[in-house]
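2 protein chains.
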Amino acid sequence: MTRRVTSFDVAARAGVSQSAVSRVFSGASASKATSDKVREAAEALGYRPNVLARSLITGRSRIIGMVVAYLGNPFYPDALERFSRVFQDEGYHTLVFTLPEGAGDTDTDRIIQQMLDHQVDGIVLASVGLGDALAARCEAAGIPVVLFNRGQAGSGLAQVTSANRLGGAKVAEFLVAGGHRRIGHVAGWQGSSTGRDRTEGFVARLAELGQEAVGIEDGRYDHAEAVRATDVLVARGVDALFVGNDHMAFAVMDHLRSALGLKIPGDVSVVGYDDVPMAGFAAYDLTTVRQPVGRMVKATVAALVNQIEDKSAQAEVTEIDGPLILRGSARIPEGLA
Amino acid sequence: MTRRVTSFDVAARAGVSQSAVSRVFSGASASKATSDKVREAAEALGYRPNVLARSLITGRSRIIGMVVAYLGNPFYPDALERFSRVFQDEGYHTLVFTLPEGAGDTDTDRIIQQMLDHQVDGIVLASVGLGDALAARCEAAGIPVVLFNRGQAGSGLAQVTSANRLGGAKVAEFLVAGGHRRIGHVAGWQGSSTGRDRTEGFVARLAELGQEAVGIEDGRYDHAEAVRATDVLVARGVDALFVGNDHMAFAVMDHLRSALGLKIPGDVSVVGYDDVPMAGFAAYDLTTVRQPVGRMVKATVAALVNQIEDKSAQAEVTEIDGPLILRGSARIPEGLA
DNA sequence: CGTGGATTTGCATAGGTGTGCAAAATCAGG
DNA sequence: CCTGATTTTGCACACCTATGCAAATCCACG
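Chains A and B, in that order, are what the protein sequence lines are. For the first sequence, the positions run 1 to 337 when this note's numbering is used. For the second sequence, the positions run 338 to 674 when this note's numbering is used.
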C-alpha cells in the first residue's frame, strides 16, 4: 500500500505552497492561474484532501449522527433511506446508531457519548427521547439536536412531527360520520408524544361529537401488545378500531380476521396511522392517516443544517399536516368518494 | 463553547507527560500508579480522547462504510439493524450510504470515493455490485470489502450469501412433492447472483425430477414487474409459483387474490424466499426459504473484521444454508407436518 | 550493595490540513 | 512611473494524538 498523496505533493508539483493547495480545495480566494495549476497537479497525482485532517482542524466533520430505535416498523427504514439521501445531497454523511432492545437511559447515554466522540455536526433522534442531562451536554458541545417524529415538551429541542392531534381528530370525525357508535382505540405508546397526541386529539374530537370511546388500550407500538389490546376491545363489542400506527394495525387486522373470524370492514372498521407503503397492499388496504415522510425529513434536515450553519438559530418546533387516506378497511361515510 | 480538554490538560493535572495519557487510553503499557492518576484526572476534567486525531495518526477510523440499495424490501432494514448492532459491539460504527434510484456506475463510484475519503476501515455492500476498477481501487487503498447477499464470481471479493442454489432446489422438490405439475417462476432479478442462483437451482432440480417450468419471468425484485410476470404466468395456467423473494411474493399474492380472484393455495400455491418477518403475518402466511439473517450478518462482520485486523487474510466466500419454512400459502405434501 | 534485565517514562516528531499574519504581487488612477 | 488600495501568496503554527527511541526507573538475585 503506497503512501497517501498529500497537499505538499501537489504543491511541489504545481510549484506553489501547500497553503495554496489548501485554499483551492477549501474554496478560499485563489487566482485563476494557481487554481488551474493546482487542479491539474491534483488530478495527475490523484490527490484527495484528507477529510480527517480537515475535520480535526475545522472542528466540523460533516457527519450527522442518527439514532433509530426500531427498524421493524417500516416507517423508519423509509425515513432512514430518505435521510441518508437528503443528507448526501447536502454534503453530509449519516452515522447510524441503533438502540438495543430494552432501550435504557444508559444505552442512550453511551451512544450520545460516542457521537460526541466522533464530533458529529448534528444529531437526529428518530423516535427516541433525550434526557435533560444529555440534552445539556449536546448543547454544551454546540451540537444541535432534532427530534424526528417525537416531541418533548419543555426540552427546548427542535422537533419535527406530523400534526398528530389533528390526525387523531380526523379519524374520530371519519368514524363517527361512518355511523360507528362503539369505537375502540388501540393507542400508540403513551410514553411517547406521538402516541399521546394522537389519542388526545381522537378522544377530544369524539367528545365534541358527543361520543366516548368504548375502550382505550395502550398497544405500545408492539405487535403482541396490539393483539392483546384487540382482544380486550373486541370483548367489549367494538364496531371500529383506531390503531395508533400502521405497524400495529396490521397485527390487529390479522388477528381480527384469522383468529377471531371477523370481517373488515363488515364487522369492524380499522383505521391506522402513518400510511406506510404496505398499507396500500391489497391484503390490508388500510385506511390511515398519512404522515408525509418526505416533507418531514426535509424539514428535519433543513432545521438541523440551519442550526449547524447558524449557531444562534432558534430550535424550531414543526408540525406537518397529513391527509386521511381512504381505503377499504373502514366503512366510508355516505357522500364521500 | 469552551475549548476541548486535551491529553495535555490531563497530563498537567496528573503530573505526567502527554504520552503517558495517550498510553493509558490506548491500552499500551503503563504502571498502575500513573494509570490511576491519569484516569482520575481525566474523570475530573471530563476528558475524552479525540477520535479524529487518533484516526488521523493511526490511519484507522473504526468506521465501516455500508452501502444499501433498497430499504423498501424489509429484508434489508432487518439486516441493517443487526449490522449496526454487531458492529457497535465490535467497536465499529456504521456510515450508511444509499444508492439513488437508477443505480448507475457513476453513483457507486462517487459513493466509494466518499468512503475512501472518510478512510473507512472496511466496506459492506448489501445487494450491490462493484466494478472491477472500483474493487481494484479499494484493494489499492487497503480497504477490505465484503459483499452481503450478493456474489460476484471472479471478483476476488469476500462474499456472504445464503445457499441460494440449494434453496431453489428445495422449493422445486417441495412443489413437485405437493403434486404440482404446472409450476411457474417469478424470478429474482437475473442481473444479480442471488436471482440467478435461486433460479438455476430451482430449474436444475425440476429437471432432475423430470419436470419443466411452465414459464419463467424476471420480476426484477420489483412490485410492478412481479405483477406483470404473474399475469403472464397465470395466463399459461400455473398451479404453483416460486417467487424470487418475499417482497415480490406479497405483491404476487395480492394480485392473485384481489385482481384475479384466485385462492391460495387452492388455485395456486405460492412460495417465496427470505422469510422476512412479514411472511409470518396471517394475511400472507407465506411458505418461504429462510435466509438466516443473523448468521449471515455475523459471518459478514467476522469476515470483514478479520480482514481489517489481518491484512493478509484471504477473502472468503461463505454460503449459509437456510430451511424451507412451511406455512399456509402452498399445498403441503402428504406425510409432511 | 551491585548488576543485568525488564518495565515505564518523557522527549520529540509525525500525521495532513486550515488559517492569521505579513510580505509580495497585482491593479487602477493620476 | 509612482502611489495607494486590493488581492494573492507563503510562512509558520495550530489541531490532538500515537509511537520510536533513549533515558530512567524498577525488580530480583547473587
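We treat Cβ as the ideally placed atom computed from N, Cα and C, and that holds for glycine.
Using three-state DSSP, classify residue i as helix, strand or coil.
i, result
"B:D576", "coil"
"A:A126", "strand"
"B:V569", "helix"
"A:T6", "coil"
"B:F587", "helix"
"A:S35", "helix"
"A:M1", "Residue placement at A:M1 is flagged as unreliable, the pLDDT there being 49, under the threshold of 50; a coordinate-derived value is accordingly withheld."
"B:I394", "helix"
"A:D218", "strand"
"B:V457", "coil"
"A:F281", "coil"
"A:A187", "strand"
"A:L71", "coil"
"A:G112", "The sequence as given places Ile at residue 112 of chain A; Gly does not occur at that position. DSSP places A:I112 in helix when its eight states are reduced to three."
"B:L593", "helix"
"A:K298", "helix"
"A:Y47", "coil"
"B:I645", "helix"
"A:A153", "coil"
"B:S473", "In the sequence on display, residue 473 of chain B carries Ala and not Ser. Note: B:A473 maps to helix in three-state DSSP."
"A:H180", "coil"
"A:V276", "coil"
"B:N501", "helix"
"B:S530", "helix"
Distance check for residue j and residue i, CA to CA, integer angstroms please.
i, j, result
"A:I111", "A:F97", "7 Å"
"A:M1", "B:K648", "Bear in mind that a pLDDT of 49 at A:M1, under 50, signals an unreliable position, so the number given afterwards is only what the model happens to contain. Near 11 Å, if we compare the C-alpha coordinates of B:K648 and A:M1."
"B:A370", "B:S363", "16 Å"
"A:R181", "A:V238", "8 Å"
"A:L45", "A:A11", "11 Å"
"B:Y384", "A:Q119", "14 Å"
"B:T567", "B:H560", "11 Å"
"A:G266", "A:E101", "37 Å"
"A:N164", "A:L130", "20 Å"
"A:R13", "B:Y413", "46 Å"
"B:V569", "A:Q211", "51 Å"
"B:S676", "B:S492", "Any answer about residue 676 of chain B is impossible in this case: the structure gives chain B only from 338 up to 674."
"B:L484", "B:P660", "22 Å"
"A:G201", "B:A463", "41 Å"
"B:S368", "A:T161", "53 Å"
Name, in chain order, the residues that DSSP records as bridge partners for residue i.
i, result
"B:Q496", "B:L484 and B:V654"
"B:T624", "B:V608"
"B:G402", "B:L432 and B:I460"
"B:I662", "B:T625"
Let me make sure I understand the geometry here. Which of the options has the alpha-carbon closest to that of residue i?
i, options, result
"A:G335", "A:G178, A:G102 and A:V232", "A:G178"
"A:T199", "A:R228, A:H223, A:N245 and A:D231", "A:N245"
"B:F587", "B:I401, B:G383 and B:N410", "B:N410"
"B:E545", "B:R573, B:V613 and B:A509", "B:A509"
"B:V626", "B:V654, B:D458 and B:S666", "B:S666"
"A:D304", "A:V86, A:V128 and A:A14", "Asp is not the amino acid found at residue 304 of chain A; the sequence shown has Leu there. When each option's Cα is compared against that of A:L304, the closest is A:V86."
"B:L453", "B:A620, B:E377, B:A490 and B:C475", "B:C475"
"B:D346", "B:A379, B:D373 and B:K374", "B:A379"
"A:D107", "A:F202, A:V317, A:V67 and A:G167", "A:V67"
"A:R220", "A:V234, A:S193 and A:G15", "A:S193"
"A:H185", "A:E225, A:L262 and A:A213", "A:A213"
"B:D469", "B:D446, B:Q548, B:H584 and B:A577", "B:D446"
"A:D274", "A:P292, A:R150 and A:K263", "A:P292"
"A:M278", "A:V301, A:L256, A:M248 and A:K298", "A:M248"
Just checking residue i against the ligand SAM - is the residue's beta carbon closer than 8 Å to any of the ligand's heavy atoms?
i, result
"B:D647", "Ligands in the displayed structure: none, and consequently the ligand SAM is not present."
Exercise. Using Cβ-Cβ distances below 7 Å, what residues of the segment 212-245 of chain A are close to chain B?
Worked result: So nothing in the stretch comes that close.
For this session: Please name the residues in the segment 262-284 of chain A whose beta-carbon is closer than 8 Å to at least one beta-carbon of chain B, in chain order.
Result: Cβ contacts with chain B: P277, M278, F281, A282, A283 and Y284.
Problem set entry | Contact set between the segment 381-393 of chain B and chain A, restricted to residues whose Cβ is under 7 Å from the partner | For the segment 381-393 of chain B, which is checked against every Cβ of chain A, the residues closer than 7 Å are R385, V388, L389, A390, S392 and L393.
Exercise. In chain order, what residues of the segment 78-92 of chain A put their CB closer than 8 Å to some CB of chain B?
Worked result: Under the 8 Å Cβ criterion, the segment 78-92 of chain A contributes D78, L80, E81, S84, R85 and Q88.
For this session: Check each residue of the segment 431-447 of chain B: if its Cβ is closer than 8 Å to any Cβ of chain A, include it; give the result in chain order.
Result: Considering only beta carbons, the part of the segment 431-447 of chain B lying closer than 8 Å to chain A consists of T431, L432, V433, F434, T435 and P437, in chain order.
Exercise. Any residues in the segment 473-504 of chain B with a beta carbon nearer than 8 Å to a beta carbon of chain A? Which ones, in chain order?
Worked result: Only those residues of the segment 473-504 of chain B whose C-beta falls short of 8 Å from the nearest C-beta of chain A are listed: A477, A478 and G479.
Exercise. According to a CB-to-CB cut-off of less than 7 Å, which residues of the segment 621-645 of chain B neighbour chain A?
Worked result: Residues of the segment 621-645 of chain B with a C-beta less than 7 Å from any C-beta of chain A: Y621, listed in chain order.
For this session: With 9 Å as the C-beta to C-beta threshold (strictly closer), list the residues of the segment 581-595 of chain B near chain A in chain order.
Result: Closer than 9 Å at the C-beta level to chain A, one finds these residues of the segment 581-595 of chain B: F587, A588, M590, D591, H592, R594 and S595.
For this session: Check each residue of the segment 655-672 of chain B: if its Cβ is closer than 8 Å to any Cβ of chain A, include it; give the result in chain order.
Result: Flagged: no residues at all.
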